[in-house]
Every structure is written in C-alpha cells, then in structure tokens.
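Chains as they are written, first to last, in the UniProt record's numbering: chain A, 1 to 583; chain B, 1 to 450. Structure record follows, encoded as structure tokens.
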Amino acid sequence: MEIVKPQWKKPSPSANDAVSTLPLYRSAPSLEVRLEDFELYAIDRLRVLKGISDGLSRGKRPEEMEKLVKDLWKANMRHPLQSEVTNKDIISHFVLRLVYCRTEELRKWFLSNEIALFRYRFQLLSLEAQRLLMAEFDLPYKPVTTAEFEGVKEKLQLVARSIGLSKPTASDIFYKVPFEEVPELVAGRRVFIYKGYAYVAMTQVVSLVATQFRGLLSKALVLTNSLTLNILCLQKVDIYHQRTREGSPNSRGSWKPYAQAIWVLTSLRFFVTLYKLISVVFRSHGQVNHEEYGSHPSQPKEFAEVSIKDIDQVAKSSFPPCMRHLFEKLREDHHLKHGGRMQLGLFLKGVGLKLDDALAFWKAEFSQKVGAERFDKEYAYSIRHNYGREGKRTDYTPYSCQKIISSTPGVGDHHGCPYRHFSEENLRAALGRMGVNSGALENVMDKVQNRHYQLACTLTFESIHGSSHDAGINHPNQYFSDSQKIFKSKWSAALSNLMLCSPLLCSCGKSWPQALSLEACVSVPQIFKSRGRSSLKTIPLDKENLWATDSTFTYIGLCNGKDGRISNGKPKIGWLEDILRGI
Amino acid sequence: MAIEESENGREDMSIDGQKHGNVAVPDEFNVNYLKLYYAKLFPYADMFKWMSYGNDGKHPACDKYYIGRREFSFTLENDIYIRYQSFNNVVQFENSVKEKCPFKIDIGPVYSVDPAKKNAYAQSGDNVFTPVERELIFDIDISDYDDVRYCCSGADVCLKCWPLMTIAIKVIDTALRDDFGFKHVLWVYSGRRGVHCWVCDGKARRLTNEQRAAIAEYFRVYKGNENSSKKVSLTGPALHPFLVRSYSEVLERFFETRLLFSQNIFSTEDRYEKILEMIPDSSATSDLRGKWQTKRGSKEDINVVRWEQLKNTLQSGKYKPQGLRRCVEEIVFSFTYPRLDMEVSRHMNHLLKAPFCVHPKTGRVCVPIDPNNCDEFDPTAVPTLSQLFEELNMGGTRAYDDDEWDRTSLGQSISFFRSSFLQPLLKSCKEEMESSYNAKLQQSKSSLSW
C-alpha cells in the first residue's frame, strides 16, 4: 500500500465549512492519497462525466439532465466514509485535470462536461449555499433595488413569460451584470438586456457562476498542461525532489506553481498510474468521439480507400442520411454552399477519398454549373485546404454528429442533421427513399420528436442493415464504417478486436517514460496483410519496461487463428479491462 | 456565395444602367478608374485614424504597435488573395494600395503579433499568433431573402426589395445601441447586394468568440433551411421585449404598408400557398384557400384584402389556439426580420471588406449609411467609379484645394463618416485611454506610498 505524502501543509480551513457547498477546485489540496484511490476515484469521476456527455449528445432536456447527474453522482461518487466524500470529489477532479490537460480536444471535452456537472450540482444546492458560492467568486454585482425593479418590471415580466417562468415580483432578486458575463442567457434571449446590462434572475444565477467557473478551469487546464509537460522529464522531477526537501514549506518560492500542478508527482509509480489513466482515457475517447477519423493513420486499411468509381455505390449502401442528402443534392444541383461542401467534403475524406480523387469528384460536379476554370480558381483551394495542403496546413477532421446537429443551416443550405433540420414531411420522404420500413419509421419519428436525433439515426441504421447497433451513432464516419463493416462481415471480428487492442499494442517496445508521450499512445500497431487475410503480428509487451510495477497487465499475444478470427490470445488486461468495459 | 455572383454577371445590372447609365462612359468599372480612385479619392488617412483607435497619438498610454498588428488583405485582379499584410503607418498603406491596386481590401483582426511575421512566430511553437481584438461585425445579404422577394433574385437589388435592408438596419442598430449599449456603430453599403455593420466600441472589439456568437444568436429568429417548411418559429407564451419592440416599431408597419404591395405576396396561388404552408392548422388553411380561389372583383388591393382575411381567420378563435397564436407574427417575421450571416459575426478572424472599397461588379463605392436616415438611402444612387471620374474631370482646373473628393459626390459620404462616426469614436477612445491610464497611475502611486 503505497502512500504518497505531499510535502507541504494544508491551508487553514475556510470559514465557510459550515454550510456545505461545491468545491471550486481553485488549488490542489494537500491530502494523503493512496495510489489505488488515486486511480479509482478518477475512474469513478470519469464515469460521471462520460454519462453527462452521453446525455447531452442524446439531446436530453435540462430536467432530464438534472436527474441524470444526480443519479450518476450518487452511483459513482459515494464513499463509505462521510469525511472522504469531499476529498474524493476534489482528488478525482485534480487527477482528471492532469489526464485531460494533454490536448486541446481533451481539454474541451473535460471542460464542457465538468461545467455541466458543476451547473447541475449547483442547481441542487440550497439558496443559501448558492449565495455563499457566489460570494466566493467575489462578483461585484449587487441585487437590483426595488426602485430600479419597478422601472423595468414590465420588461422583466415579459421575459419571464417568454421563457415560461413565473411572474417576478419586487421580492425576487435580480442581478444587473454586463451582458458579456452571461453569454448563454443572451444567446437564448432569456434575459432582459438594457444598455449593456443583463438582468439576471436568481434562478438564472447558475449561468453567471458557471461562466466564472469555466474561466477558472479553462486557465487552470492550460497551465497544468504547460507545467506537466515540463515536469514529465524525470530529471526535473529529481531536482524537484531535492528542492522540496531542502526548502521549508514556507520558502517554496518559485516552485509553488509546480507543486500545485503536480501535487502528487512524487514517485515513479505515480507516473505509471497516470499513464494507465491516460491510456484509459485515450482508449475511451478513441471509441467514443471518433476524433481520429480521416486524419488518423490507425484507420483500418481494409476500407480506408474509396475510389471515385465506387462512390455512388457506397453512398447508397453506407452513407448516413445527412451525407446521403448532401451527396444527392450535389449530383442534382452540381453545387453545394459552403456549409454543405465542408460537411460532405470532410466526411468523404474520412471515408478514404484521396485528395486527387476528391478534386476530380468535386470538379466533375461543379464544372457543370460554374465551369472548370472557376472551379480551379475558387473551389479547389478549399478542398486542398481541407486536406491540409493550403493555408495553415491543418489536417482537418470530419464533423461529428454533435457538431452537425448544432450547426445552423440557412437559406439554400443542405447541410445539418436531417433529423433535426428537416421538416417532418421531408424527413419521412428521405428515410423512405433510404429503405426504412414504415414500422421503423414511426419509431424513428418518435425519437425525433423527443429530440433524440442520434438515437433516431441509430434506429435508421438498424432498420437498413437489419442488425442491431448497440454503441449508438455519434459520428457520420462511424455510421459509414460500421455499415461497411456489416457488409464486409468477413473481416469484422478481426477488425473490431484490433481496434480494441490498438492503444495497448502501440505502447510496446518503448520504455515507459517514452510511452508517456501522446504520440506513443496513439501510434498504431503494424498490420500485415497476408494471403488476403488480415492478421496481427504478435508483439510481445516488454513487461519489464512498460509495467515495472505490481500491475496486473499480462502478456498480450495476438495470433491469427483459423478463418480470419482471433481465436486465442484475447487480450487479458485483468481488472483494468473490467473497468474499461464499464466506461 | 461566389457562385451567385458570377451567374448574375454584368447583364443583370440593368437597374443600375437605367438609372445612371452614362452614355459617355460605357463601363462602371475598370482598372484605370480604380487607379485614379486610389490616387485621388480613397480616404487613407481617415481609414488609418479609425483603425488606430487613438493609438497614433502622443499619449503615454498609446500602444504604438497597435496598428501594425492589424491584418489587411488585398484581393487582386483574377481573385488572387494576399493575406496577412500589415502597415505601420498611413504612408506604407497608401503606397501599397496604389502600387497593387487591389480590387478589394479586407480588414481582419488585430493579432497578438504582427501578422506579416506570423510564419516566424509559428516556428517558435506555442500559439502566439492569435487574434486579440476585432470589431463586432454583421453582414446582411439580400440574396438570403430570395424566398420572400419576387422582384429580383440572387445578387440583384431594386428599390422594391432594398427596404428589407433598411429595416434590417433599423432593427439591428436599435438593439445594438439600446440593448447592448454600444455607441460607435458604422453601417456600410456593401457595394452591391447588402450591408455591413461595424461595432467599434472598445468593449465590442474585445468580445470573445463565445460572446460574439451569443449576440448573433440573440438576433437570430430566422432558422430556416432548404428542407424545413417553417422558417421562423416563435415559441413560448410571450415574445422577448427585443422581438416585441422590433415587431411593433418596425416590422409590422413595414409589412402592412409596404411589403404587401411591393412584393405582391398574396397575388397568385403559388405565392399565397407558401404563406398557407406556415399555418399549422389544416382547417384554417382550407378555409382561407376556399376564400381566395374564387376571385372576386374588389376595389381594394388584393394583398391587403387577403392579409386581413388571414388575420381575422387566425385570430377569430374558431380554431384551436395552440400553434396559431403566434402565426400572424411568424409570417411577418419570416418575410421581414433581418437575416444575418451568422458565421461572419461569430469569430474574430473573419475578414470583412473595408468601407470605401469599390465593388468590382457594380463599380459602386462602399459608402457609409446613416442609420438615422436609412430610409433615404438609395443603392442605385451610390456614386460609381465612372461617375466620380466624370465629376473629377468636370472640376477641371480647380485643383489643389483641400480635398479632391469635395468636388465629387463622394465628399458627402466622407464628411458623414468623419462627423458622425470617426470623431465621436476617437473622442471616446481618448477618454478611455485617459481613464485607464489614470487608474493605473493611481494604482502604482498607492502601491508606492504603501
């Protein structure tokens, strides 16, 4: 039982301890944490965040979300010791900060789900506790006086009515804040705004507080990242050890920020634990977000290439409704507006259309409308741009469902999510053309009515392919690849196994400090193609290098069994595997 | 967007031709006129004063590197873009414009470092090259109204549909000033088919992307796309005060007194069918359809008669109220409410064409529009290059007095730009600078005495 001891003293307890409120995670606490707890707490919190993320992407309503968060928190964040509950909250948050600070994409994910968690927890607090928390932010806003309230009463009542809240009276508290502080209330026209000030009702204070919290956390994540990047060289950690041992707690001086960011980075074993978490996170995100589609080399080569001549056929068989609509419109009108070009173009790139083919494909259509010369002059650039060959040379990734659902197609636009942006009539017609039978169609429309757009798409997938899809659709390219997978069922078993194991395989052959770098985590195992079968090369894990601890990771051997399946050597990852399944 | 432009090339510009077609000068736009325009008329100094926001003064709080971090982008003939240019002073700017003779000048954000050296910074890793300041901008295009105007389509504009732009200015300008408290708002004719808006208050320039998106979203009512029948959906038991004001002060009156006739929106079957589609109650629509299919001779304008019938039917209480309650408003909103190009406003790094550019298709100068008198603005009367060229020639020998443009119809626009926009703006820039400087001074003083 390893115990990591922090080297500095606990700050004096704050005066507000009496009323329980939410932690703001301003600074890392000095607590003693067992490594097991370090890991388990983080996994528990990850379950909560993952649940929130799922709920949001399924378009759950605020009241449904409130219940969901409450249940998730109850199920995962309990602790037998009452005194440990707050600690678990704080520790797990800071551990995940370390894990999620690594890339922009991860930071974004963590931020948005932590904020959502914060909001719903805030709403569950008593009014008293809410006010205390507001006081902690030290916001300079005073409640609107009665006289001022009378002046704008009518407008405030109108706003309240427009969003279905009860009529405000003089006894209700309103805060007058610069509109910049409550962007989401402005965007939803949920506040009265006058001369640059928004009148925020006490019931809406959560968005004011959430904005503040977001600001704190967003800065902290960037800082943590830059600090841990520096720290992740062992030499520096050694120096750190010496310094902290030499200096008294009060004279930490310039080491303070380091100490905060890496409050438990005191043993090598900590790194191993952290690395495990990082690989867990990368794996779960690889499966959940599909961010790597298109740009990522790990894409299985079997269907990573689509040539122009096949494209009509695969469009018919495997494109999700949003892409199929764009594709058909393009063929029909020989033109798409910018939003449609981006949505379809990047999807096709993810599907495996090479740059040259993409240029030829778009040119064939657009030149019928604008002429080849104009195409070369005005449109070719942005296609090359999408492939990272122009401008800032970013290799852009295809849009996810979430992005497509939240897009705002306007006049003349055909992009967006059909389930969300089509009228009922048009959607029914489109799905009918795709071959969704009438029974399934009603189920789909039912989901649409409840704004479960991705579930509606999942049902569509199931109806068309005649097989269940348990994971749910959350990326058009996932729809495509899953569809192709079914069509090429011969390969499916081998491929899905491969995808499951890749994050682990990839770290082979590197000693673990190197393996800590992200590149190593996401690089790909070699895939060999022999005699028309995909087979995996057996790569022994260098046990001594990778897990020089009491870790339960065991040798992973994959060998090619008969009939293209992996028959033995299924990865045995012990308890971590069980946890993974739960996520 | 670009497609529409070319499809309706020059032959569609007959409206301009009829009004101001000058027989002596066949083309409204050519490179030689443009060169002359840049040589004699383009207001370099005013543009630079504006973009400097007071940082070109002698005050100790001035940031003398401010203007040098602003991106300018030129579009040359044949659509060659030159992006990320910067200029440290007006002479550099003027020389570069005169030398390259850009068909279009775009203004981008102020970056953290000189955009011209962005590649050098890019190599140092860590995202140091990032936009830090940018006016809050809006772009409204008449081509986005194609489903509700019958006089023109695409990039064409006539005096029948231009008022849609006028009321867009009224609605947005009022909200920017009264709701958001902005003071320095510049409206500019885009040279062809729309208007641009620049909100230049310090507060506006420093908005984050998220805050910009929130404001754009606040303005967004129109949510239609090609695959949904209902373009505007007003939900909830009441409208937000901003929408109430827009409706009662601008939209309703405009719809009933002008748009009904100017666009004849009820005159034919396919036109009124489009409106009936917006009514979710089928018995109400068939009721109205019945009335309208039998044509009866009436002295009154058919559009007015049918609109009144529609209003009476929907508000009679005969049909189940849910859904129909907002329907009259929804129809008015879908025909008149401003349609913003959201992407332009959302992000700091979107480019926008500079005022006083010349539109290469129409030859018209992108002149400022006075929001207080926007009803009087006539896009077909905006000076064109050839007209300005004529006027300069007419002035003949009266050379070397203060400003060339005083001799042309551009003079008015430039003096409006100065007096109503630039001077008040610079005054408040100065005040802002002064007060923040004093506050800093105070701070350092008190820390010293402590």
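All residues carry an ideal CB built from backbone N, CA and C; glycine is no exception.
Residues of its chain near residue i, where Cβ-Cβ distance is below 6 Å and the 5 sequence neighbours each way are ignored
{"i": "cysteine 374 of chain B", "result": "Thr166, Ile169"}
{"i": "proline 383 of chain B", "result": "Val365, Ser409, Leu410"}
{"i": "phenylalanine 421 of chain B", "result": "Leu186"}
{"i": "serine 483 of chain A", "result": "Ser318"}
{"i": "residue 454 of chain B", "result": "This structure leaves residue 454 of chain B out entirely; chain B is present only between 1 and 450."}
{"i": "serine 400 of chain A", "result": "His475"}
Opposing strand residues paired with residue i [DSSP bridges]
{"i": "serine 96 of chain B", "result": "Serine 96 of chain B pairs with nothing; no bridge assigned."}
{"i": "serine 73 of chain B", "result": "B:Asp106"}
{"i": "cysteine 197 of chain B", "result": "B:Phe138, B:Trp187"}
{"i": "proline 368 of chain B", "result": "B:Val188"}
{"i": "glutamine 412 of chain B", "result": "According to DSSP, glutamine 412 of chain B bridges with nothing at all."}
{"i": "tyrosine 81 of chain B", "result": "B:Thr75"}
{"i": "proline 178 of chain A", "result": "A:Tyr197"}
{"i": "valine 358 of chain B", "result": "B:Val365"}
{"i": "lysine 353 of chain B", "result": "B:Asp106"}
{"i": "tyrosine 121 of chain B", "result": "Tyrosine 121 of chain B is not bridged to any residue."}
{"i": "tyrosine 111 of chain B", "result": "B:Pro131"}
{"i": "valine 232 of chain B", "result": "B:Tyr222"}
{"i": "leucine 340 of chain B", "result": "B:Ile140"}
{"i": "proline 143 of chain A", "result": "A:Tyr175"}
{"i": "phenylalanine 192 of chain A", "result": "A:Tyr199"}
{"i": "threonine 384 of chain B", "result": "B:Arg364"}
Own chain partners of residue i with C-beta closer than 8 Å, once the 5 adjacent residues on each side are dropped
{"i": "asparagine 250 of chain A", "result": "With a pLDDT of 39 at asparagine 250 of chain A, under the threshold of 50, the modelled position of this residue cannot be trusted, and the question is left open."}
{"i": "serine 444 of chain B", "result": "none"}
{"i": "tyrosine 437 of chain B", "result": "His59, Pro60, Ala61"}
{"i": "glutamine 313 of chain A", "result": "none"}
{"i": "lysine 311 of chain B", "result": "Val328"}
Cutoff 7 Å; reference residue i; Cβ partners in own chain excluding five residues on either side
{"i": "glutamate 432 of chain B", "result": "Gly202"}
{"i": "alanine 187 of chain A", "result": "none"}
{"i": "serine 218 of chain A", "result": "Leu111"}
{"i": "isoleucine 383 of chain A", "result": "Gly345, Ala358, Leu359, Trp362"}
{"i": "histidine 465 of chain A", "result": "Ser483, Ile486"}
{"i": "tyrosine 319 of chain B", "result": "Asp281, Ser283, Ala284"}
{"i": "alanine 430 of chain A", "result": "Pro321, His325, Pro418, Phe422"}
For residue i, the nearest candidate out of the options (CA to CA)
{"i": "tyrosine 33 of chain B", "options": "B:Ile67, B:Phe103, B:Pro43", "result": "B:Phe103"}
{"i": "threonine 336 of chain B", "options": "B:Tyr53, B:Arg149, B:Pro237", "result": "B:Arg149"}
{"i": "alanine 238 of chain B", "options": "B:Cys158, B:Glu329, B:Thr294, B:Glu269", "result": "B:Glu329"}
{"i": "isoleucine 91 of chain A", "options": "A:Ala28, A:Val306, A:His421", "result": "A:Ala28"}
{"i": "aspartate 349 of chain B", "options": "B:Leu259, B:Thr268, B:Asn209, B:Glu391", "result": "Reading off the sequence shown, one finds asparagine at residue 349 of chain B, where the question assumed aspartate. The option with the nearest alpha carbon to asparagine 349 of chain B is B:Asn209."}
{"i": "arginine 121 of chain A", "options": "A:Asp89, A:Glu150, A:Ala135", "result": "A:Asp89"}
{"i": "aspartate 173 of chain B", "options": "B:Gly57, B:Asp378, B:Gly236, B:Glu249", "result": "B:Glu249"}
{"i": "methionine 278 of chain B", "options": "B:Glu252, B:Ser415, B:Leu234, B:Pro43", "result": "B:Leu234"}
{"i": "cysteine 200 of chain B", "options": "B:Ser415, B:Thr75, B:Ile265, B:Leu136", "result": "B:Leu136"}
{"i": "valine 90 of chain B", "options": "B:Thr75, B:Cys101, B:Tyr44", "result": "B:Tyr44"}
{"i": "glutamate 390 of chain A", "options": "A:Ser57, A:Met342, A:Ala380", "result": "A:Ala380"}
{"i": "tryptophan 50 of chain B", "options": "B:Cys429, B:Lys440, B:Gln442, B:Arg212", "result": "B:Cys429"}
{"i": "lysine 403 of chain A", "options": "A:Pro178, A:Pro140, A:Glu378, A:His415", "result": "A:His415"}
{"i": "phenylalanine 480 of chain A", "options": "A:Val48, A:Glu425, A:Met342, A:Glu305", "result": "A:Glu305"}
{"i": "leucine 24 of chain A", "options": "A:Val144, A:Leu72, A:Asn225, A:Arg214", "result": "A:Arg214"}
Original post:
Quick one, which residues of the region 149-182 of chain A are near chain B if we go by CB-CB under 7 Å, in chain order?
Top reply: Lys155, Leu158, Val159, Arg161, Ser162, Ile163, Gly164, Phe179, Glu180
Original post:
Of all the residues that make up the region 234-265 of chain B, which are near chain A by a beta-carbon distance shorter than 8 Å?
Top reply: Gly236, Pro237, Ala238, Leu239, His240, Pro241, Phe242, Leu243, Val244
**OP:** Note down, one range per segment and in chain order, each alpha helix (DSSP H) of at least 4 residues found wholly within the region 369-435 of chain A.
**Re:** 380-386, 401-405, 418-421, 424-434
Original post:
Going along the chain, which residues of the region 337-366 of chain A sit with their C-beta nearer than 9 Å to a C-beta in chain B?
Top reply: Lys337, His338, Gly339, Phe366
Original post:
Quick one, which residues of the region 391-410 of chain A are near chain B if we go by CB-CB under 7 Å, in chain order?
Top reply: Thr408, Pro409, Gly410
**OP:** Using a Cβ-Cβ cut-off of less than 9 Å, list which residues of the region 131-157 of chain B approach chain A; keep chain order.
**Re:** Ser143, Asp144, Tyr145, Asp146, Asp147
Subject >> Continuous beta strand (DSSP E) assignments of at least 3 residues falling wholly in the region 20-69 of chain B >> reply: none
Subject >> Residues from the region 367-385 of chain A in contact with chain B, defined by Cβ distance under 8 Å >> reply: Lys369, Val370, Arg374, Lys377, Glu378
**OP:** Give the residues from the region 340-355 of chain B that approach chain A closer than 7 Å (Cβ to any Cβ), ordered along the chain.
**Re:** Met342
**OP:** Pull out every residue of the region 50-80 of chain A whose Cβ sits closer than 8 Å to any Cβ of chain B, in chain order.
**Re:** none
Original post:
Taking any Cβ of chain B, which residues in the region 322-338 of chain A have a Cβ under 9 Å from it, in chain order?
Top reply: His325, Lys329, His335, Lys337, His338
Original post:
Mind listing which residues of the region 179-190 of chain B have their C-beta closer than 9 Å to chain A's C-betas, in chain order?
Top reply: Asp179, Phe180, Gly181, Phe182
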